[in-house]
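J.: Protein chains in written order, with our numbering: chain A, 203 to 336; chain B, 203 to 336.
Each residue gets a CB set at the ideal place from its N, CA and C atoms; glycine is no exception.
All figures in this text were calculated on a predicted structure; none of them were measured in a lab.
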């Protein structure tokens with residue numbers, strides 16, 4: 203069912219500083235900072251030859267990554283995102299297998315303009331997993 | 203400097219259970235379990251079209267992932283591994299930029315039989331980063 207690894211997301215307290223680490227210390231190709239007010243984050247993409255890293259910084263009140271950053275003050279690896287062909291079919295198969303979907307259980311439009319779902323970390327080895335319809 | 207994302211490692215308390223989640227619930231192609239006594243872990247690889255996920259379970263006394271699992275009883279995303287062409291050149295550039303290398307600072311032969319280094323999470327946004335000479 204799962205296809206490509208779409209991205210690994212790293213939540214950080216200061217995205218400009220984090221982006222500079224990737225650009226200057228690790229010599230990576232990075233995007234400009236993109237505010238995503240609907241998702242409560244600023245994003246910077248690190249473009250690797252086979253996938254990307256998504257840096258996330260809280261934006262506005264009640265950002266969904268605030269709690270994670272309270273527990274991980276330096277930042278940390280927040281989630282991994284796998285691509286699926288059909289997110290509704292994927293969701294139905296997961297629910298049938300007893301896996302829990304976060305939120306309403308209905309896909310939302312994610313930061314890349316495509317339908318996404320988040321899966322309960324307790325059902326996936328403690329890792330927060332996002333599915334994105336490719 | 204950094205190239206492909208070689209793998210994302212997920213540390214788990216029970217690798218057979220974790221591998222079954224990826225095989226049965228997420229429908230992924232998984233490898234057999236490989237004991238890596240030199241590294242204190244059992245490994246299972248999840249083969250994705252563009253990269254791989256490495257499941258890690260403690261093996262023997264004093265496994266390097268024991269502490270992580272004490273803090274994260276369900277498991278969690280443990281590290282990300284980027285490929286570099288020349289690990290000594292990469293190491294020297296990182297040190298020049300003030301980044302800290304874990305351990306002796308000299309590359310060791312990693313779980314894939316290639317030279318690797320681990321970088322200090324405090325210098326990389328709270329994320330544990332492995333570099334592997336591709």
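1) Are residue 249 (chain B) and residue 261 (chain B) closer than 8 Å when you measure CB to CB?
2) So which residues on chain B does residue 274 (chain A) lean against when the C-beta distance must stay under 7 Å?
3) Any idea if residue 296 (chain B) is buried or exposed, counting beta-carbon neighbours within 10 angstroms, 16 or more meaning buried?
4) Can you tell me whether DSSP reads residue 346 (chain B) as helix, strand or coil?
5) Any C-beta of chain A sitting closer than 8 Å to the C-beta of residue 250 (chain B)?
6) Using a threshold of 8 Å, state whether the C-beta atoms of residue 267 (chain B) and residue 213 (chain B) are closer than that.
7) Closest to residue 307 (chain A) by CA distance: which of A:236, A:298, A:313 is it?
8) Which same chain residues end up closer than 6 Å to residue 211 (chain B) when comparing Cβ atoms and leaving out the 5 residues on each side of it in sequence?
9) By a C-beta neighbour count over all protein chains shown, 10 Å radius and 16 as the cutoff for buried, is residue 290 (chain B) buried or exposed?
10) Please state whether DSSP places residue 314 (chain B) in a helix, a strand or coil.
11) Taking just the CA atoms, how far does residue 229 (chain B) sit from residue 287 (chain A)?
12) I'd like the ranges of any beta strand (DSSP E) spanning at least 3 consecutive residues and lying wholly in the region 245-271 of chain B.
13) Pick helix, strand or coil for residue 231 (chain B), following the three-state DSSP scheme.
T.: Result, derived from the coordinates:
1) Translated into the one-based positions of the second chain, residue 249 (chain B) becomes position 47. Translated into the one-based positions of the second chain, residue 261 (chain B) becomes position 59. Going by C-beta atoms, residue 249 (chain B) is not nearer than 8 Å to residue 261 (chain B).
2) If you number the first chain from 1, residue 274 (chain A) lands on position 72. The contacting residues are 328.
3) Here residue 296 (chain B) refers to the residue found at position 94 when the second chain is read from its first residue. Classification of residue 296 (chain B): buried, given that the 10 Å Cβ count is 16 or more.
4) An answer regarding residue 346 (chain B) cannot be provided, because it is not within the stretch 203 to 336 covered by chain B.
5) To locate residue 250 (chain B), count along the second chain from 1; it is residue 48. At least one chain A Cβ lies under 8 Å of residue 250 (chain B).
6) On the second chain, position 65 is the one that residue 267 (chain B) refers to. On the second chain, position 11 is the one that residue 213 (chain B) refers to. For residue 267 (chain B) and residue 213 (chain B), yes; Cβs fall inside 8 Å.
7) Locating residue 307 (chain A) in the first chain gives position 105, where the first residue counts as 1. Closest option to residue 307 (chain A), Cα to Cα, is A:298.
8) If you number the second chain from 1, residue 211 (chain B) lands on position 9. Counting only Cβ-Cβ distances below 6 Å, and skipping sequence neighbours, we find 256, 258, 280, 281.
9) Working through the second chain from its first residue, we reach residue 290 (chain B) at position 88. Its Cβ having fewer than 16 others within 10 Å, residue 290 (chain B) is exposed.
10) By one-based count along the second chain, residue 314 (chain B) stands at place 112. DSSP places residue 314 (chain B) in coil when its eight states are reduced to three.
11) Counting from one through the first chain, the residue named residue 287 (chain A) turns up at place 85. Counting from one through the second chain, the residue named residue 229 (chain B) turns up at place 27. Cα to Cα, residue 287 (chain A) sits roughly 13 Å from residue 229 (chain B).
12) 254-260
13) Within the second chain, numbered from 1, the residue matching residue 231 (chain B) stands at position 29. DSSP places residue 231 (chain B) in strand when its eight states are reduced to three.
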